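Worksheet: the structure to be examined is printed underneath.
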Amino acid sequence: MLKDFYDIETEPIVNLEAFYGKPKEITDKCLIIFSKEIHDYLLANYACENIGTITACNGNTPIYLVEHNGEKIAFYLTGIGAAVTSGTCYEVHWQTGATKFIMFGSCGSLNPEATTGKFIVPTQSYRGEGTSYYYAPAADYIDIKGSERLSEIFEELDIPHVKGRVWTTDSMLRETKGLVSKRKSEGCIAVEMELAGVQALCDFYGLTLYDFLEAGDVLADSGYEVKELKNANHSLGKLFIALEVAVRI
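Residue numbers (this note's numbering): 13 to 261.
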(Lines of atoms letter the chains of each structure in order from A and count residues from 1; the text may use other names and numbers.)
(Lines give C-alpha, C1' and ligand atoms only; values in the text may rest on other atoms or scores of the structure.)
Protein backbone atom coordinates (compact mmCIF):
# COMPACT_ATOMS: atom_id res chain seq x y z
CA MET A 1 0.00 0.00 0.00
CA LEU A 2 1.28 3.45 -0.89
CA LYS A 3 0.38 4.82 2.53
CA ASP A 4 2.91 2.45 4.10
CA PHE A 5 5.79 4.32 2.41
CA TYR A 6 5.54 7.37 4.69
CA ASP A 7 7.52 6.57 7.85
CA ILE A 8 8.42 9.46 10.15
CA GLU A 9 8.60 7.31 13.27
CA THR A 10 12.06 5.84 12.63
CA GLU A 11 15.36 7.29 11.39
CA PRO A 12 16.72 6.79 7.84
CA ILE A 13 19.63 4.38 7.56
CA VAL A 14 21.36 6.19 4.68
CA ASN A 15 22.46 9.82 5.12
CA LEU A 16 24.30 12.25 2.86
CA GLU A 17 27.02 13.01 5.38
CA ALA A 18 28.47 9.58 4.62
CA PHE A 19 28.93 10.65 0.98
CA TYR A 20 29.65 14.38 1.15
CA GLY A 21 30.63 15.25 4.71
CA LYS A 22 29.04 18.14 6.57
CA PRO A 23 26.52 20.31 4.68
CA LYS A 24 27.87 23.48 3.06
CA GLU A 25 26.48 27.00 2.79
CA ILE A 26 27.54 28.59 -0.50
CA THR A 27 24.36 30.12 -1.91
CA ASP A 28 20.63 30.14 -1.22
CA LYS A 29 19.23 29.85 -4.76
CA CYS A 30 19.49 27.16 -7.41
CA LEU A 31 18.18 26.39 -10.91
CA ILE A 32 17.09 22.83 -11.69
CA ILE A 33 17.75 22.47 -15.44
CA PHE A 34 16.46 19.63 -17.64
CA SER A 35 17.78 20.81 -21.02
CA LYS A 36 21.42 20.09 -21.84
CA GLU A 37 21.29 22.86 -24.45
CA ILE A 38 20.22 25.42 -21.84
CA HIS A 39 22.79 24.09 -19.36
CA ASP A 40 25.58 24.31 -21.93
CA TYR A 41 24.48 27.80 -22.97
CA LEU A 42 25.02 28.99 -19.41
CA LEU A 43 28.48 27.45 -19.32
CA ALA A 44 29.44 28.98 -22.67
CA ASN A 45 28.09 32.49 -22.10
CA TYR A 46 28.51 33.17 -18.37
CA ALA A 47 31.43 33.00 -15.96
CA CYS A 48 30.65 29.80 -14.06
CA GLU A 49 32.43 28.20 -11.12
CA ASN A 50 32.28 24.50 -10.27
CA ILE A 51 31.24 24.33 -6.61
CA GLY A 52 30.33 20.68 -6.13
CA THR A 53 29.71 17.28 -7.66
CA ILE A 54 26.89 14.77 -7.31
CA THR A 55 28.56 11.37 -7.60
CA ALA A 56 26.92 8.30 -9.15
CA CYS A 57 28.06 5.05 -10.74
CA ASN A 58 26.61 6.06 -14.12
CA GLY A 59 28.35 9.44 -14.17
CA ASN A 60 28.84 12.51 -12.02
CA THR A 61 26.79 15.71 -12.08
CA PRO A 62 28.73 18.97 -11.60
CA ILE A 63 27.14 21.83 -9.68
CA TYR A 64 28.00 25.32 -10.88
CA LEU A 65 27.66 28.86 -9.56
CA VAL A 66 26.79 31.83 -11.77
CA GLU A 67 26.21 35.49 -10.92
CA HIS A 68 23.24 37.37 -12.38
CA ASN A 69 22.39 40.96 -11.40
CA GLY A 70 24.38 40.60 -8.21
CA GLU A 71 22.80 37.28 -7.19
CA LYS A 72 24.89 34.14 -6.84
CA ILE A 73 22.84 31.27 -8.24
CA ALA A 74 23.73 27.58 -8.34
CA PHE A 75 22.64 25.40 -11.26
CA TYR A 76 23.00 21.85 -12.50
CA LEU A 77 21.69 19.46 -15.15
CA THR A 78 19.24 17.06 -13.56
CA GLY A 79 18.05 13.66 -14.67
CA ILE A 80 14.51 12.85 -15.74
CA GLY A 81 11.77 11.51 -13.45
CA ALA A 82 10.58 12.25 -9.93
CA ALA A 83 12.89 9.84 -8.09
CA VAL A 84 16.09 11.13 -9.71
CA THR A 85 15.14 14.80 -9.75
CA SER A 86 13.99 14.94 -6.14
CA GLY A 87 16.98 13.03 -4.78
CA THR A 88 19.43 15.19 -6.70
CA CYS A 89 17.68 18.33 -5.46
CA TYR A 90 18.39 17.39 -1.86
CA GLU A 91 21.98 16.41 -2.62
CA VAL A 92 22.49 19.85 -4.18
CA HIS A 93 20.94 21.48 -1.11
CA TRP A 94 23.42 19.55 1.03
CA GLN A 95 26.41 20.63 -1.03
CA THR A 96 25.45 24.26 -1.59
CA GLY A 97 23.05 25.33 1.15
CA ALA A 98 20.42 26.29 -1.43
CA THR A 99 16.89 26.41 -0.02
CA LYS A 100 15.09 28.09 -2.94
CA PHE A 101 14.89 25.98 -6.10
CA ILE A 102 13.58 27.13 -9.48
CA MET A 103 12.60 24.21 -11.70
CA PHE A 104 11.54 24.68 -15.32
CA GLY A 105 11.01 22.38 -18.26
CA SER A 106 8.60 21.09 -20.86
CA CYS A 107 5.32 19.25 -20.44
CA GLY A 108 2.45 17.78 -22.40
CA SER A 109 -0.66 19.90 -22.71
CA LEU A 110 -4.01 18.41 -21.72
CA ASN A 111 -5.80 21.65 -22.58
CA PRO A 112 -4.17 23.47 -25.51
CA GLU A 113 -6.87 26.15 -25.45
CA ALA A 114 -5.62 27.16 -22.00
CA THR A 115 -1.87 26.63 -22.48
CA THR A 116 -1.08 27.74 -26.04
CA GLY A 117 1.16 30.79 -26.03
CA LYS A 118 1.49 30.80 -22.24
CA PHE A 119 3.78 29.39 -19.61
CA ILE A 120 2.18 27.14 -17.02
CA VAL A 121 2.47 27.81 -13.29
CA PRO A 122 1.24 24.64 -11.54
CA THR A 123 -0.87 25.13 -8.41
CA GLN A 124 -1.34 21.45 -7.56
CA SER A 125 0.04 18.21 -8.96
CA TYR A 126 -1.60 14.81 -9.15
CA ARG A 127 0.68 12.29 -7.46
CA GLY A 128 0.90 9.71 -10.22
CA GLU A 129 4.48 8.79 -9.25
CA GLY A 130 5.93 6.95 -6.27
CA THR A 131 8.52 9.29 -4.76
CA SER A 132 6.11 11.72 -3.09
CA TYR A 133 4.62 8.94 -0.96
CA TYR A 134 7.90 8.59 0.94
CA TYR A 135 7.86 12.30 1.85
CA ALA A 136 4.18 13.09 2.42
CA PRO A 137 1.07 11.26 3.62
CA ALA A 138 -0.90 9.59 0.83
CA ALA A 139 -3.27 11.91 -1.05
CA ASP A 140 -4.28 12.43 -4.67
CA TYR A 141 -2.81 15.94 -5.05
CA ILE A 142 -0.03 17.99 -3.53
CA ASP A 143 -0.10 21.79 -3.30
CA ILE A 144 2.64 23.70 -5.12
CA LYS A 145 3.28 26.27 -2.43
CA GLY A 146 5.47 28.63 -4.45
CA SER A 147 2.89 29.08 -7.20
CA GLU A 148 1.31 32.28 -5.87
CA ARG A 149 4.61 34.12 -5.54
CA LEU A 150 5.80 32.83 -8.90
CA SER A 151 2.60 34.02 -10.56
CA GLU A 152 3.10 37.44 -8.96
CA ILE A 153 6.61 37.60 -10.41
CA PHE A 154 5.31 36.61 -13.85
CA GLU A 155 2.78 39.45 -13.58
CA GLU A 156 5.56 41.88 -12.63
CA LEU A 157 7.55 40.76 -15.68
CA ASP A 158 4.49 40.78 -18.00
CA ILE A 159 4.96 37.10 -18.82
CA PRO A 160 1.80 35.42 -20.16
CA HIS A 161 0.95 32.42 -18.05
CA VAL A 162 -1.87 30.23 -16.84
CA LYS A 163 -2.24 28.68 -13.40
CA GLY A 164 -3.74 25.27 -12.86
CA ARG A 165 -3.45 21.66 -11.81
CA VAL A 166 -0.98 19.34 -13.50
CA TRP A 167 -0.39 15.59 -13.48
CA THR A 168 2.94 14.05 -12.48
CA THR A 169 3.36 10.61 -14.03
CA ASP A 170 6.05 7.94 -13.78
CA SER A 171 5.30 6.46 -17.19
CA MET A 172 4.95 8.53 -20.35
CA LEU A 173 4.04 5.38 -22.28
CA ARG A 174 1.10 4.63 -19.95
CA GLU A 175 -0.65 7.95 -20.38
CA THR A 176 -3.77 6.18 -21.65
CA LYS A 177 -6.89 7.80 -23.03
CA GLY A 178 -8.74 6.79 -19.87
CA LEU A 179 -6.18 8.31 -17.51
CA VAL A 180 -5.91 11.46 -19.61
CA SER A 181 -9.70 11.80 -19.48
CA LYS A 182 -9.72 11.38 -15.68
CA ARG A 183 -7.03 13.97 -15.10
CA LYS A 184 -8.68 16.43 -17.47
CA SER A 185 -12.01 15.99 -15.67
CA GLU A 186 -10.23 16.98 -12.43
CA GLY A 187 -8.93 20.17 -14.01
CA CYS A 188 -5.40 19.14 -14.95
CA ILE A 189 -4.09 21.21 -17.86
CA ALA A 190 -0.71 19.52 -18.35
CA VAL A 191 1.31 16.38 -17.60
CA GLU A 192 4.97 16.09 -16.61
CA MET A 193 7.22 13.68 -14.69
CA GLU A 194 8.83 15.35 -11.68
CA LEU A 195 6.84 17.99 -9.85
CA ALA A 196 4.88 16.01 -7.24
CA GLY A 197 8.00 14.20 -6.06
CA VAL A 198 10.19 17.29 -5.89
CA GLN A 199 7.51 19.31 -4.10
CA ALA A 200 7.01 16.57 -1.51
CA LEU A 201 10.75 16.39 -0.84
CA CYS A 202 11.00 20.18 -0.56
CA ASP A 203 8.10 20.27 1.89
CA PHE A 204 9.66 17.49 3.96
CA TYR A 205 13.04 19.21 4.27
CA GLY A 206 11.78 22.79 4.54
CA LEU A 207 12.88 23.91 1.07
CA THR A 208 10.96 26.18 -1.31
CA LEU A 209 10.18 25.21 -4.90
CA TYR A 210 9.16 27.49 -7.76
CA ASP A 211 8.11 25.57 -10.87
CA PHE A 212 6.98 26.64 -14.32
CA LEU A 213 6.45 24.70 -17.52
CA GLU A 214 6.20 25.18 -21.27
CA ALA A 215 3.88 22.88 -23.21
CA GLY A 216 5.36 21.16 -26.24
CA ASP A 217 3.40 18.05 -27.10
CA VAL A 218 -0.37 17.74 -26.88
CA LEU A 219 -2.32 14.74 -25.53
CA ALA A 220 -5.82 14.71 -26.99
CA ASP A 221 -8.57 12.19 -27.67
CA SER A 222 -7.78 12.50 -31.37
CA GLY A 223 -4.14 11.53 -30.91
CA TYR A 224 -0.69 12.77 -29.94
CA GLU A 225 0.93 15.91 -31.37
CA VAL A 226 4.67 16.35 -30.87
CA LYS A 227 5.65 19.16 -33.25
CA GLU A 228 6.50 21.81 -30.61
CA LEU A 229 8.32 19.54 -28.14
CA LYS A 230 11.91 20.36 -29.15
CA ASN A 231 11.33 24.10 -28.78
CA ALA A 232 9.61 23.62 -25.42
CA ASN A 233 12.50 21.50 -24.19
CA HIS A 234 15.31 23.84 -25.16
CA SER A 235 13.97 27.41 -25.59
CA LEU A 236 16.32 29.86 -23.89
CA GLY A 237 13.44 32.08 -22.84
CA LYS A 238 12.83 29.83 -19.85
CA LEU A 239 16.42 30.31 -18.69
CA PHE A 240 16.18 34.09 -18.78
CA ILE A 241 12.88 33.96 -16.91
CA ALA A 242 14.35 31.63 -14.29
CA LEU A 243 17.29 33.98 -13.72
CA GLU A 244 14.94 36.91 -13.23
CA VAL A 245 12.83 34.87 -10.82
CA ALA A 246 15.97 34.03 -8.85
CA VAL A 247 16.68 37.72 -8.37
CA ARG A 248 13.16 38.31 -7.03
CA ILE A 249 12.72 35.49 -4.52
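Virtual Cβ for every residue (Gly too), placed ideally from N, Cα, C.
Owing to the predicted nature of the structure, the values given are computational and were not obtained by experimental measurement.
Between the region 46 to 60 and the region 76 to 91, are three or more C-beta pairs nearer than 8 Å?
yes
Cβ-Cβ distance between I261 and K157 below 8 Å:
For I261 and K157, no; Cβs fall outside 8 Å.
Shortest alpha-carbon distance to N62 belongs to which of K48, V203, V96, Q107?
Q107
With a CB to CB cut of under 6 Å and the five nearest residues on each side skipped, what residues in its chain are close to P74?
N62, T65
Going by DSSP in three states, E21 sits in which element: helix, strand or coil?
coil
DSSP puts V174 in a beta bridge; with which residues?
According to DSSP, V174 shares a beta bridge with I132.
If we ignore side chains and look at the alpha-carbon of each, how far apart do R161 and A202 end up?
20 Å
Using DSSP with H/G/I as helix, E/B as strand and the rest coil, what is C200?
strand
Option in T22, T127, N72 with minimal Cα separation from E103:
Nearest option by C-alpha distance: N72.
Just curious, the alpha helix (DSSP H) that T97 is in, first and last residue?
94 to 108
Work out the CA separation of I85 and L43 for me, nearest whole Å.
Roughly 7 Å separates the two Cα atoms.
Once DSSP output is grouped into helix, strand and coil, what is the label at L6?
Limits of the chain in this structure are 13 at one end and 261 at the other, which puts residue 6 out of reach.
Take L251 as the anchor and find which of S47, N27, A148 has the nearest alpha-carbon.
It is S47.
With distances taken from CA atoms, which of E83, T188, G199, P172 is nearest K130?
P172
Between the alpha carbons of A254 and I45, how many angstroms are there, rounded?
10 Å
Residues in the same chain with beta-carbon distance under 8 Å from Y217, minus the five sequence neighbours each way, listed in chain order, please.
Y102, H105
So, do the region 200 to 215 and the region 178 to 189 have three or more beta carbon pairs nearer to each other than 8 Å?
Counting Cβ pairs under 8 Å, three or more are found: they touch.
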